[in-house]
Each structure stands twice: as C-alpha cells, then as structure tokens.
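Working notes, structure below.
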Amino acid sequence: MKINKDKLVLQLLKNITEYSNLDDALLNSLSQLKINEDKYYEIKQELFPKGLSSLMNELNLIINAKLSKEKKPTRFKNFKVNEKIKYFVIRRLLIFQNLVNKKKFFKRILKPNSILGSNKILFKIADEIWFLSGDKSTDYNYYTKRIILMKVYAITFSFFVFDNTKNLEKTKKFLDKEISVVLKFGNFKNKIKNTIKF
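Residue numbers for the sequence shown follow the numbering used here, beginning at 72 and rising by one.
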C-alpha cells in the first residue's frame, strides 16, 4: 500500500495537539487514514526520526510547495526587496494558519526539547524566503541576512499566533514595524561605515 506522505503529515498535524506525545498521535493518524499499524515503526523511522522536529520540517516542506505554486501579485517584479520579504512572510503565515491550529501548535513547539529543531527550521524558512525574493548572495551577507530574518520571522510568528483579525491585518502592521527597524539599523550601519575611514 502506497502512503500519501502529505496526507499523513496533515492528519498528524491535526492530532499532535490533542495527544501528549508523537507516538500516540501518529498511531491515531494511521488508524484514521486506515493505514495498517504494522507500518508504524517503518513510517516513524522514515518520516519522523527526530520526532516533533521532523514533523516541523515536513510541515515546512508542504508550505514551501504550496507557496511555490501560488500565483504572485501582478506587480511582484516591481516590488522592493523588503516588500517581497513581507509578502512571503505573510503568505507563509496564512498557509500555516489554514493547516494547523496555530495556538495549540505554538504551545507544543515551545517545549525545551523542540527549541533547537525550531531554530533549524527557522533558518530554512529564512533561506527559502530570501531565495524566493531573488537573493543570490554568497558572501558573509548570506548568513547575516538569514539570521536577521530568522529573528524577524520568529517574533512575528509569536505575534501572529494570537492575531484573530481578518487577513492578519494586525500581524501585517507588526511586521511592517519590525522590517522598518531592520532597515533603519542597516542605514545607520552604512552611515557609520561611510563616516569612519580606516
């Protein structure tokens, strides 16, 4: 029997917030999808070897796939880089919101043993957003840009979890402020570099 990986992951995402551990949530998901429980260990080892971190990674891949298939705004090519970043951050959050109970899932990923995995996923998210925005840097700026975006995404995500406004209007305003702070800091650094000569 061929297993639909995405379907299983999405079912597990629905169940993970209702169970105290991944094992019970996975077993329940297999039952709901009428997948033989004999496949449990094989599936867990193949798809979720690192537990919740693996599940978060699979969720990230699903969101990436959906995002890459979406039709972009008509004037997207004329967007400034920061506008492209904002666009992809909000689109990711909207897709996430449609797939997961965000408040319950947020509580799960805040557990200490999930923090390291969360940081790895955040870097992958930042890397994907920069890639979709057209970034081709390969120097030290490559990591600097992604680390900064990781922080912006993480704090925006924390705000988004409790935003119940239509189309995430409050989150959009919050993200605008965060991006503005980063841009101002970048301009400040450039002024310092131009002023101080070695």
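Just so it is clear, CB atoms sit at the ideal spot from N, CA and C, and this is done for glycine as well. Bear in mind that the values here come from a model prediction, so they are computed numbers and not experimental data.
Quiz item: Whole alpha helix (DSSP H) runs in the region 114–176 with 4 or more residues, listed along the chain?
Solution: For secondary structure counted as the alpha helix (DSSP H) over 4 or more consecutive residues, the region 114–176 holds these complete runs in sequence order: 123–140, 152–170.
Quiz item: For residue 108, which option in 80, 177, 131, 97 has the closest C-alpha, if you only look at C-alpha atoms?
Solution: Reading the sequence shown from its first residue, position 37 is the one you call residue 108. Nearest of 80, 177, 131, 97 to residue 108, Cα basis: 97.
Quiz prompt | residue 194 - DSSP class collapsed to helix/strand/coil | solution = By 1-based counting over the sequence shown, the position of residue 194 is 123. Three-state result, residue 194: helix.
Exercise. Grab me the residues of residue 220's own chain with a C-beta within less than 6 Å of its C-beta, minus the 5 sequence neighbours each way, in chain order.
Key: What you label residue 220 is simply residue 149 of the sequence shown in a count that begins at 1. Apart from the 5 residues on each side of it in sequence, residue 220 sits with its Cβ closer than 6 Å to the Cβ of 197 in its chain, given in chain order.
Quiz item: Which whole-angstrom value describes the C-beta separation of residue 223 and residue 250, a residue pair presumed to lie in contact below a C-beta threshold of 8 Å?
Solution: By one-based count along the sequence shown, residue 223 stands at place 152. By one-based count along the sequence shown, residue 250 stands at place 179. With a Cβ gap of about 7 Å, residue 223 and residue 250 count as contacting.
Quiz item: Under three-state DSSP, which class holds residue 290?
Solution: Residue 290 lies beyond the range of the chain shown here (72 to 269); nothing can be said about it.
Exercise. Would you identify the three-state DSSP class for residue 241, choosing helix, strand or coil?
Key: To locate residue 241, count along the sequence shown from 1; it is residue 170. Residue 241 falls in the helix class under three-state DSSP.
Exercise. Indicate the three-state DSSP secondary structure (helix, strand or coil) for residue 75 in the structure shown.
Key: On the sequence shown, position 4 is the one that residue 75 refers to. Under the three-state reduction of DSSP, residue 75 is assigned to coil, being neither helix nor strand.
Practice problem: Within its chain, find whatever has a CB closer than 6 Å to the CB of residue 177; leave out the 5 residues flanking it on each side and keep chain order. | Solution: Position 106 of the sequence shown, counted from the start, is the residue given in the question as residue 177. Hits under 6 Å: 232.
Exercise. Express the C-alpha separation of residue 244 and residue 179 in angstroms, rounding to a whole number.
Key: As a first step, residue 179 is located in the sequence shown; it is residue number 108 there, counting from the start. As a first step, residue 244 is located in the sequence shown; it is residue number 173 there, counting from the start. For residue 179 and residue 244, the distance between alpha carbons rounds to 26 Å.
Exercise. Check whether the region 108–119 touches the region 148–159, counting contact only when three or more Cβ pairs, one atom from each stretch, lie closer than 8 Å.
Key: In this structure the region 108–119 does not touch the region 148–159; the number of beta carbon pairs closer than 8 Å is below three.
Self-check item: Validate contact between the region 165–175 and the region 191–205 using beta carbons, cut 8 Å, 3 pairs
Solution: Too few Cβ pairs lie closer than 8 Å, so no.
Quiz item: What did DSSP end up calling residue 218 once you bin it into helix, strand or coil?
Solution: Residue mapping note: residue 218 aligns to position 147 of the sequence shown, counting from 1. Residue state, collapsed to three classes: helix.
Quiz item: Under a three-way DSSP split, which group does residue 204 fall into?
Solution: By 1-based counting over the sequence shown, the position of residue 204 is 133. Correct three-state label for residue 204: coil.
Exercise. Determine the contact status of residue 24 and residue 166, defining contact as a CB-CB distance below 7 Å.
Key: Since the first residue of the chain shown is 72 and the last is 269, residue 24 is not available in this structure.
Quiz item: Are the beta-carbon atoms belonging to residue 234 and residue 241 less than 7 Å from one another?
Solution: Stepping through the sequence shown from its first residue, residue 234 is reached at position 163. Stepping through the sequence shown from its first residue, residue 241 is reached at position 170. Yes; because the gap between Cβ atoms is below 7 Å, this pair is in contact.
Quiz prompt | Cβ-based burial, residue 218 [other Cβ within 10 Å; buried from 16] | solution = In the sequence shown, counting from the first residue as 1, residue 218 sits at position 147. Burial call: exposed.
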